[in-house]
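Protein chains: 2
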Amino acid sequence: MDRRIAREDGDGVSLRHGLLGLLAEGPASGYDLARRFEEHLGPVWPAQHPKIYAELSRLADAGMIEVDSHGPRGRKAYRITDAGLAEVRRWLTEEDVDHTLRTESVLRSFFFWLMETDDLHAHLRREQEFFSQVADMARGYAAAKDRGDFGTAPQTRSMRVAVEAAVRIYQALADWAEWAQTVPPAVPATEDAPEAPPTAEAGA
Amino acid sequence: MDRRIAREDGDGVSLRHGLLGLLAEGPASGYDLARRFEEHLGPVWPAQHPKIYAELSRLADAGMIEVDSHGPRGRKAYRITDAGLAEVRRWLTEEDVDHTLRTESVLRSFFFWLMETDDLHAHLRREQEFFSQVADMARGYAAAKDRGDFGTAPQTRSMRVAVEAAVRIYQALADWAEWAQTVPPAVPATEDAPEAPPTAEAGA
DNA sequence: TTGGGACATGTACCTTGGGACATGACGATC
DNA sequence: GATCGTCATGTCCCAAGGTACATGTCCCAA
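Protein chains in written order, with numbering that gives the first Met the number 0: chain A, 0 to 203; chain B, 0 to 203.
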C-alpha cells in the first residue's frame, strides 16, 4: 500500500497539508493548531476548529499522525509520523500549486461602474486604509523577525518568507486602491439612473 | 417582503453577486456567464457551470433576474430585474468585504523549511516564472484597454481597474518569489541526515 | 463557594464547490 | 447523410467550508 493519503479521502486539500506542516514543527493539539491557524495562517488559509478536529481524526486513521500525549482537560497532542512527514514533503515538491486567488476585493472591482462615485471613493479609501494597516502589521512582524526576536530556527526563516509575501501583497493592494481613486469616474451609463452625476470625462 | 435575497438561501455568497453584476451589463445565458467567469473572473473567482445554472434558478426564483429570450439550442438568456440591480448595488455599498486571500503559494511558504534547497529553488523559479507570465499577460490586456481596443464603456473602465489589480498582485508575487531565492537557505538543519526529521521539541 | 473565563474537544447541520455524468440541438465538413 | 465539434442546459453526488450547538475541565478571583 502506498503511503499517499487514500483517494477516498479526496485530494487537493491544503488544510490537511497545512496541519501536517505545522505538526512537523513539533507535537500539538487540535486546540493549538486552531490557534496557530488563526494567528499565523488566518488571512492566507482560514480553518475553523471543527474542520481541524475532523481532519486530525482522518490523518490519524491514515497513519500520518499519532497521539503523542494526553494533557489536562482531555487535551490530546498529536505527533507527525514518518509517513506524514513524507506526505508533506511529497505535497511540497510534487503536487501542483493551485494559483487561484479568490479575492473578493478584486471581484467587486469588476462592478465598480455600478456604484455612485461618492460611494466608490469612500469604499476605495476604506480598502486602502485596511490594506495599508495589514501591510504595516506584516512589516512590523518582519522587522521583529529580522531582529531575531523569534530565534533562528528554520521554521522562523520560512515564516519570514511568508510574512514577506503578506507585506508585498497587501502593499500592492493598498497601492492599487489608492491608484483606483485617481481613475476618472465612469461616464453616466444608466441614462435613467437618478444618482449618476454627469461629471464624465473620457480618457484613461 | 423586502427585496433582499432571502436568508434561507444563505448569504455572503459572491457568486450570486458576480452573476448579477455580469447580468447588469446586459442579458446573457448560463453558458455565456460560465465563459465570462472562466475568461475574466477565472483567477479571482472561479465558478463552474453547474454552480452557475443552479444559482441562476435561485436568482430567478428570488425575482432578481428573469428570462429574457429563448435561443437556438434551448438557449435561455436572463435579464436582470430592478430588484436584482438594487441587490448588486446594495452588496457593493453596504456589505462588508471579505479580505481573506487563500493563496496556496503563500501557505506553502510556511513549510519551505521542510524542503531540500534544490527542490525549493526549483519551485521558486517555477513560481516566479508563472507569476511573471500572468503579470505580463495582464499588462498586455491593460495596454490594449488603454489603447481603447475595448471601447470606453463604463464596464470597460471597471475592467481596467480589475486588471490593474491583477498586474500589481501577480507582479508582487513574482517579485516575492524572486526575493525568496535570495534568502539564505535554512541553517544546515540537515547536517548529516539528508531527510532530517526535525527533532521535535515540546513547548507551545 | 461560586461564577466566569480560558482551555479543550467534539457533533449536527446546512451551504458551497466542483467533478462526473447525461442529454441533446445545431452547424460544418467529409 | 454521417460524424464531429461547439453550443447549451442540467442532475447527481461527494467533499469542503463554516456556523451553531453541546459538553466538560481547570484555574483563578471575588
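Just so you know, even glycine gets a beta-carbon here, dropped at the ideal spot from N, CA and C.
- Within the same chain, and ignoring the five residues on either side of residue 22 (chain B) in sequence, the residues whose Cβ sits closer than 8 angstroms to its Cβ are 32, 64, 77, 78, 79 and 83.
- Annotation: Cβ neighbours of residue 126 (chain B) in chain A (cutoff 8 angstroms, chain order): 96.
- In the structure shown, residue 101 (chain B) adopts coil according to DSSP, grouped into three states.
- For residue 47 (chain A), there are no neighbours in chain B by C-beta distance under 8 angstroms, as the nearest C-beta there is about 12 angstroms away.
- Under the DSSP assignment, residue 69 (chain B) falls in the beta strand (DSSP E) whose first and last residues are 64-69.
- Listed in chain order, the alpha helix (DSSP H) runs fully inside the region 105-157 of chain A are 116-146, counting runs of at least 4 residues.
- One finds nothing in chain A with a Cβ atom closer than 7 angstroms to the Cβ of residue 80 (chain B); even the nearest lies about 14 angstroms away.
- When Cβ pairs closer than 8 angstroms are counted between the two stretches, the region 114-134 of chain B is seen to touch the region 165-180 of chain B, the count reaching three or more.
- Within chain A, 175, 178 and 179 have C-beta atoms less than 8 angstroms from the C-beta of residue 163 (chain B), given in sequence order.
- Listed in chain order, the positions of the region 101-129 of chain B with a beta carbon within less than 9 angstroms of a beta carbon of chain A are 101, 102, 103, 104, 105, 106, 107, 108, 109, 110, 111, 112, 113, 114, 115, 118, 119, 121, 122, 125, 126 and 129.
- Short of 8 angstroms from the beta carbon of residue 17 (chain A), and not among the five residues preceding or following it, lie these beta carbons of its own chain, in chain order: 36, 40, 44 and 46.
- Between the region 94-101 of chain B and the region 99-111 of chain A, the count of Cβ pairs shorter than 8 angstroms is three or higher; the stretches touch.
- In the pairwise beta carbon analysis, the region 160-175 of chain B is classified as touching the region 158-168 of chain A: at least three pairs are separated by under 8 angstroms.
- Cβ contact annotation for residue 133 (chain A) (same chain, cutoff 6 angstroms, sequence separation greater than five): 169, in chain order.
- For secondary structure counted as the beta strand (DSSP E) over 3 or more consecutive residues, the region 13-74 of chain B holds these complete runs in sequence order: 64-69.
- The beta-bridge partner set that DSSP reports for residue 76 (chain A) consists of A:28 and A:68.
- Take the alpha-carbon of residue 34 (chain A) and the one of residue 48 (chain A): they are about 9 angstroms apart.
- The region 137-146 of chain B makes contact with the region 154-165 of chain B; the number of CB pairs closer than 8 angstroms reaches 3 or more.
- For residue 96 (chain B), there is no enclosing alpha helix (DSSP H), since its DSSP letter is neither H nor E.
- The Cβ-Cβ distance between residue 38 (chain B) and residue 154 (chain B) does not fall below 8 angstroms.
- If you draw a 10 Å sphere on the C-beta of residue 121 (chain A), you find fewer than 16 other C-beta atoms in it, and that means exposed.
- Excluding residues up to 5 positions away in sequence, 16 lie with their Cβ nearer than 6 angstroms to the Cβ of residue 90 (chain B) in the same chain.
- Among the residues of chain A, those whose CB is under 8 angstroms from the CB of residue 23 (chain B) are 110 and 113, following chain order.
- Excluding residues up to 5 positions away in sequence, 159, 162, 163 and 166 lie with their Cβ nearer than 8 angstroms to the Cβ of residue 141 (chain B) in the same chain.
- Residue 180 (chain A) carries a coil assignment under DSSP once its states are collapsed to helix, strand and coil.
- Spanning the alpha carbons of residue 147 (chain A) and residue 156 (chain A) requires a straight line of approximately 10 angstroms.
- Chain-order list of chain B residues neighbouring residue 42 (chain A): 98, 99 and 100, by C-beta distance under 8 angstroms.
- Taking 8 angstroms as the cut-off, the Cβ atoms of residue 68 (chain B) and residue 26 (chain B) count as close.
- Note on residue 86 (chain B): 16 or more other CB atoms within 10 angstroms of its CB, so buried under the neighbour-count rule.
- Within its own chain, the residues whose Cβ lies closer than 6 angstroms to the Cβ of residue 74 (chain A), once the five positions on either side in sequence are excluded, are 28, listed in chain order.
- The beta carbon of residue 158 (chain B) sits closer than 8 angstroms to some beta carbon of chain A.
- Between residue 20 (chain B) and residue 20 (chain A), the alpha-carbon positions lie close to 39 angstroms from each other.
- At a cut-off of 8 angstroms between C-beta atoms, residue 59 (chain A) does not count as an interface residue with respect to chain B.
- Exclusion of the five residues before and after residue 58 (chain A) leaves 64 as the residues of its chain whose Cβ lies within less than 6 angstroms of its Cβ.
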